[in-house]
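If you want this note's numbering, it's the position in the first sequence, counting the first as 1, plus 187.
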Amino acid sequence: MAIDHLHTWIHEIADHAGEEVTLRGWVQKNRVMKKLVFCVVRDGTGICQAVITRGEVDDAMWERAVSLTQESSIELRGIVQADQRAPGGYEMQARELQVLSPSVDYPITPKEHGAEFLLDRRHLWLRSSKQHALLKIRHTLERAIHDFFHSRGFTQVDAPIFTPNACEGTTTLFETEYFGQKAYLSQSGQLYMEAAAAAVGKAYCFGPTFRAEKSKTRRHLTEFWMVEPEVAFADLDDMMQLAEEFFEYLVGRSVEEHRDLLEGTLDRDVSMLEKVVAPFPRLSYDDAVRQLNALGHDFEWGGDFGSPDETKLAEQFDRPFVVHRFPAAIKAFYMGRDPQDERLSLSMDVLAPEGYGEIIGGGERASDLAYLEAQVEKHGLPPEAFGWYFDLRRYGSFPHAGFGLGLERMVTYVSGIRHLREAIPFPRLIHRLGP
RNA sequence: UCCUCGGUAGCUCAAUGGUAGAGCAUGCGGCUGUUAACCGCAGGGUUGUAGGUUCAAGUCCUACCCGAGGAGCCA
Numbered sequence: 188m189a190i191d192h193l194h195t196w197i198h199e200i201a202d203h204a205g206e207e208v209t210l211r212g213w214v215q216k217n218r219v220m221k222k223l224v225f226c227v228v229r230d231g232t233g234i235c236q237a238v239i240t241r242g243e244v245d246d247a248m249w250e251r252a253v254s255l256t257q258e259s260s261i262e263l264r265g266i267v268q269a270d271q272r273a274p275g276g277y278e279m280q281a282r283e284l285q286v287l288s289p290s291v292d293y294p295i296t297p298k299e300h301g302a303e304f305l306l307d308r309r310h311l312w313l314r315s316s317k318q319h320a321l322l323k324i325r326h327t328l329e330r331a332i333h334d335f336f337h338s339r340g341f342t343q344v345d346a347p348i349f350t351p352n353a354c355e356g357t358t359t360l361f362e363t364e365y366f367g368q369k370a371y372l373s374q375s376g377q378l379y380m381e382a383a384a385a386a387v388g389k390a391y392c393f394g395p396t397f398r399a400e401k402s403k404t405r406r407h408l409t410e411f412w413m414v415e416p417e418v419a420f421a422d423l424d425d426m427m428q429l430a431e432e433f434f435e436y437l438v439g440r441s442v443e444e445h446r447d448l449l450e451g452t453l454d455r456d457v458s459m460l461e462k463v464v465a466p467f468p469r470l471s472y473d474d475a476v477r478q479l480n481a482l483g484h485d486f487e488w489g490g491d492f493g494s495p496d497e498t499k500l501a502e503q504f505d506r507p508f509v510v511h512r513f514p515a516a517i518k519a520f521y522m523g524r525d526p527q528d529e530r531l532s533l534s535m536d537v538l539a540p541e542g543y544g545e546i547i548g549g550g551e552r553a554s555d556l557a558y559l560e561a562q563v564e565k566h567g568l569p570p571e572a573f574g575w576y577f578d579l580r581r582y583g584s585f586p587h588a589g590f591g592l593g594l595e596r597m598v599t600y601v602s603g604i605r606h607l608r609e610a611i612p613f614p615r616l617i618h619r620l621g622p
């Protein structure tokens with residue numbers, strides 16, 4: 188069939204009130220009465236109700252209208268008019284209707300479904316209004332990430348996905364075969380960003396990250412997207428400030444561009460997001476431990492915060508907060524040491540309130556070659572794999588710092604949804620590789 | 001890997017050890033303004049799999065399979 192390139196997208200429908208236009212889309216809902224059909228059509232940019240009145244259209248068209256099924260693709264032609272009763276405020280009095288392709292027994296009905304059922308049909312689930320809103324918010328966050336760093340003079344430097352070794356050596360990697368040798372899917376672009384920082388000063392990468400952890404929680408994916416800035420001649424304080432301003436910017440852009448989706452489709456309490464203004468409350472690990480104990484929460488100095496600890500701590504705040512200077516023993520080998528206290532690392536996490544937890548993790552890197560070599564050995568990592576990384580300390584070593592932000596965790600937090608799996612178009616989980 | 005919970009109609013869920021049900025979806029009928037429309041009727045089942053206990057098992061026992069949430073790990 189010929190494509191009408193003059194057809195109207197629904198998000199522009201208000202500009203065409205009183206005009207005759209052509210719409211193309213999918214049937215979201217068809218309500219049939221004796222002399223009236225209400226067909227709600229969705230084209231990805233919006234929804235529009237078409238009204239088909241018996242007697243005002245020919246019998247063949249009336250028959251087509253009466254038998255429309257959910258998600259059939261259709262073309263409608265008719266006059267657009269404002270109407271208070273129509274969703275979106277505008278509706279079409281349809282004069283022509285063509286079924287482009289019928290949809291039979293669409294599996295996702297307007298009623299409730301379980302997570303497994305929906306995830307098995309993720310390719311169709313994406314069409315629903317909530318998932319559509321999440322796609323839009325994710326897209327806005329992706330754009331905002333690039334805008335933020337670009338406006339501050341950062342250069343995007345893409346990190347490789349295939350890597351010959353563990354970046355951090357602590358978590359499980361996906362192993363693959365690479366022309367006869369072992370390769371791993373990247374779990375972080377950070378080490379490469381350290382190299383990039385010496386080339387462009389302020390670097391960031393943004394891409395997929397893989398963790399083969401057998402996590403079964405709503406806060407973990409095996410494949411997720413992470414943005415990782417790295418800044419030469421920056422210290423821990425600089426990084427906390429950057430992280431706070433970045434966080435504020437991302438949340439701000441989401442509210443600015445999608446208040447309607449957040450308040451409407453997602454039922455998000457936007458007032459909580461409006462409290463996200465830098466600087467955030469900051470507390471040291473020491474203080475955090477003291478605070479946990481003061482709250483009657485047993486926690487021993489030296490351990491990492493578990494999820495319950497994080498939640499307890501987060502209850503003290505109504506906006507994101509920063510915890511810094513964790514014990515070096517629980518952090519990655521490349522983390523710098525606190526000159527004030529050798530037990531501590533120059534690390535920081537940004538945690539979101541309302542139970543969302545850690546969204547950013549990072550800190551200042553160790554720049555001393557001998558220290559790093561010792562750390563690699565201590566962590567049982569193969570030193571030969573880090574030759575190039577040590578070079579960064581051999582040829583003009585420099586203080587630098589950076590962090591990683593999990594995109595899906597930010598999408599989840601901004602949107603107010605419960606589970607990370609809805610924050611990515613096609614989630615990869617321990618028990619899910621498809622669709 | 002460990003702990004907890006679950007698996008019954010296409011979907012979401014009920015069902016004291018005693019005839020397997022409802023809502024939605026689907027089909028048919030009704031309704032001139034519906035908003036998850038509403039009203040009536042109908043079809044729809046190897047209760048995850050394999051054993052076992054019992055006069056009798058969706059229900060109790062054992063093993064296994066699948067999934068969810070949490071722990072650990074982290075973004």
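Backbone N, C-alpha and C fix where the C-beta goes; we use that ideal spot for every residue, glycine too. These figures come from a predicted structure and were not determined experimentally.
Query, Result
"Run through DSSP, which three-state label would S602 get?", "helix"
"Please report the distance separating the alpha-carbon of G483 from that of E199.", "57 Å"
"If you reduce the DSSP assignment to three classes, tell me which class L378 lands in.", "helix"
"Count the other C-beta atoms from every protein chain shown that fall within 10 angstroms of the C-beta of S441, then say buried if there are 16 or more, exposed otherwise.", "buried"
"I'd like the list of long-range same chain contacts for P468, defined as Cβ closer than 8 Å, with 5 residues on each side in sequence excluded.", "F504, R506, F508 and V509"
"Are the CB atoms of E431 and A390 nearer to each other than 8 Å?", "no"
"Can you tell me whether N480 is helix, strand or coil according to DSSP?", "helix"
"With a Cβ-Cβ cutoff of 8 Å, do R314 and P294 count as a contact?", "no"
"Look at the Cβ atom of E206, then the Cβ atom of R264, and state whether they are nearer than 8 Å.", "no"
"Tell me whether Y379 is buried or exposed, calling it buried when 16 or more other Cβ atoms sit within 10 Å of its Cβ.", "buried"
"Measuring CB atoms only, is the region 299-306 touching the region 578-592, in the sense that at least three cross pairs come out at less than 8 Å?", "no"
"Alpha carbon to alpha carbon, what distance is there between L531 and F513?", "6 Å"
"On the premise that D422 lies in contact with A557, defined as a C-beta separation below 8 Å, what is that separation, rounded to the nearest angstrom?", "Contact doesn't hold; Cβ gap of about 20 Å is too wide."
"I'd like the span of the alpha helix (DSSP H) that includes S441, first residue to last.", "L423 to E450"
"Assuming the contact rule is C-beta atoms closer than 8 Å, M427 and H511 should be a hit. Round their C-beta distance to whole Å, please.", "6 Å"
"Do T599 and the ligand ADP come close, with the Cβ less than 7 Å from some heavy atom?", "With respect to the ligand ADP, the structure shown offers nothing to examine, as it has no ligands at all."
"Along the chain, where does the beta strand (DSSP E) containing V537 start, and where does it finish?", "S534 to A539"
"Quick check: what's the CA-CA separation for R272 versus E258?", "23 Å"
"With 16 other CB atoms within 10 Å as the buried threshold, where does H326 fall?", "exposed"
"Determine contact between the region 383-401 and the region 335-350, defined as no fewer than three beta-carbon pairs at a distance below 8 Å.", "yes"
"Around the Cβ of K518, are there at least 16 other Cβ atoms within 10 angstroms (buried) or fewer (exposed)?", "buried"
"Please say whether Q268 and A204 have beta carbons closer to each other than 8 Å?", "yes"
"I'd like to know if the region 453-460 and the region 597-614 are in contact, where contact means that at least 3 CB-CB pairs between them fall below 8 Å.", "yes"
"If I'm right that P395 touches I348 with Cβ under 8 Å, what's the distance once you round it to whole angstroms?", "7 Å"
"From the DSSP output, in three-state form, read off I348 for me.", "coil"
"Which word fits Y365, buried or exposed, when buried means at least 16 other C-beta atoms lie within 10 angstroms of its C-beta?", "exposed"
"Taking only the alpha-carbon atoms, compute the straight-line gap between M535 and D474 and give it to the nearest angstrom.", "13 Å"
"In angstroms with no decimal places, state the Cα-to-Cα distance between T240 and I261.", "17 Å"
"Determine the closest residue to Q318 out of G231, E415 and G212, with distance taken between C-alpha atoms.", "G231"
"Checking 8 Å against the spacing of the C-beta atoms, do V227 and Q236 come in under that value?", "yes"
"Give the secondary structure of W488 by DSSP, where H, G and I count as helix, E and B as strand, and everything else as coil.", "coil"
"Smallest Cα separation from G548: which of K565, E564, F573 and F492?", "F492"
"Distance, Cα to Cα, T195 vs D246?", "26 Å"
"Specify, as a first and last residue, the run of the alpha helix (DSSP H) that E461 falls within.", "V457 to E461"
"If I follow the unbroken alpha helix (DSSP H) through F335, where does it start and stop?", "S316 to S338"
"Using CA coordinates, which residue listed in P569, E571 and M597 is at the minimum distance from E545?", "M597"
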